[in-house]
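S.K.:
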Amino acid sequence: MEGIISIITITASQLFQLLGVIFFFGFLLKWLGEQSLAHYTYGSKLFNFMSFIGTPVHEFGHFIMCKIFRYQVEEVIWYQKPNNSGTLGYVNFSYNPGSMYQRIGKFFVGVGPLFSGPVAIFLLLYFLLPDAYHAISTHIGMISTTWSLHTFEQILQLSWTFLVALFNVHNALSWQFYVFIVLACSIAVHIRLSKPDLESATSGIVAITVLLLLLNIVSQFFHLSLSNHVLIYVAHFNAFYISIMIVITVISLLFFMTSIIWGTMKNRTA
């Protein structure tokens, strides 16, 4: 009985550490994106411009995960003007529900934009503002995965380092800075997951849970260290992912504050 409880506890811990961080930032960026875009007229030129930049990056996240998990991609719309349902783009695919690998892929296909968006923004930072990129690159992957006061100090330090590296006189006098801000904000605001994205991700959790349960049963039955290795790999992933998503969240917060100012000014002139 103790062995069963131990396996369930370890599996729950692995799931929480792996999925908790992804879903936390997923919902946070979803809320920030929706609140930010609420201050812009739906279908306006500015809205369409940001969607034209951000939507293809969002859809590429779904697309590349489909390819990684060997899904059959049937149709991809990288960007379209909002239709009656507000759809800006989509990826239609089919998969084999009898394949454990492809069932696990449902989760990663659903949360694909939470990977493609950050990668795109960091590539922009690397090519357009290399000094800012190098200023924070040493901090990436250094965030502690054991939540404590020190963890929050690290988060604040990384956020401040990024802000200082981004907003300075040198960058303010360069065209690359303004291009980065416009493109990064357009991408960040479209990282948010739609309802179908969340449904896809949620359906894949069952397969991930089954896989982890089987792994932990084998690990305990044969006295292997597989469970510990999973926790170590998850901890490394979380440290890297949290560091990156903090930078993305800072960008999203900047756009959120800008949208509030924009909305206030628009209401006063109306």
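Numbering (the numbering used here), first residue to last: 312 to 581. Where is the CB? At the ideal position from N, CA and C, for every residue including glycine. Note that this is a predicted model, so its numbers are computed, not measured.
If you scan the stretch 330-415 from start to end, which runs of the alpha helix (DSSP H) of 4 or more residues do you find wholly inside it?
M.R.: DSSP runs (the alpha helix (DSSP H)) wholly in the stretch 330-415: 356-379.
S.K.: For VAL521, tell me which candidate among GLY428, LEU484, ASN549 and ILE415 has the shortest Cα-Cα distance.
M.R.: ILE415
S.K.: For the alpha helix (DSSP H) that contains SER427, what are its first and last residues?
M.R.: Counting along the chain, the alpha helix (DSSP H) containing SER427 begins and ends at 424-439.
S.K.: What does the alpha-carbon distance come out to for the pair CYS496 and VAL387?
M.R.: 23 Å
S.K.: Let me check understanding here. Comparing Cα to Cα, which of GLY331, TYR437 and VAL529 lies closest to LEU545?
M.R.: A quick correction: the sequence has Val, not Leu, at residue 545. The option with the nearest alpha carbon to VAL545 is GLY331.
S.K.: Evaluate HIS540 with the Cβ neighbour count: other Cβ atoms within 10 Å of its Cβ, from every protein chain shown; 16 or more gives buried, anything less gives exposed.
M.R.: exposed
S.K.: On the criterion of 16 or more Cβ atoms from any shown chain inside 10 Å, does ASP508 qualify as buried, or is it exposed?
M.R.: buried
S.K.: If you run the structure through DSSP and keep just helix, strand and coil, what is ASN482?
M.R.: helix
S.K.: Identify, in the order they occur along the chain, each residue of the same chain with its Cβ nearer than 7 Å to the Cβ of PHE473, setting aside the five sequence neighbours on each side.
M.R.: Answer for PHE473: ILE447, VAL558 and VAL561, listed in chain order.
S.K.: DSSP three-state label for VAL500, please.
M.R.: Coil.
S.K.: Apply the 10 Å Cβ neighbour rule to MET556 and answer buried if 16 or more other Cβ atoms are within range, or exposed otherwise.
M.R.: buried
S.K.: Just the Cα atoms here: how many angstroms apart are SER505 and SER485?
M.R.: Spanning the two alpha carbons is a distance of roughly 35 Å.
S.K.: Drop a sphere of 10 angstroms on the beta-carbon of SER554, count the other beta-carbons inside from all chains shown, and report buried for 16 or more, exposed for fewer.
M.R.: buried
S.K.: Please state whether DSSP places HIS547 in a helix, a strand or coil.
M.R.: helix
S.K.: Can you look up THR569 in the DSSP assignment and give me helix, strand or coil?
M.R.: In this structure, THR569 counts as helix in the three-state DSSP scheme.
S.K.: Going by other Cβ atoms of all chains shown within 10 Å of its Cβ, with 16 needed for buried, is TYR489 buried or exposed?
M.R.: exposed
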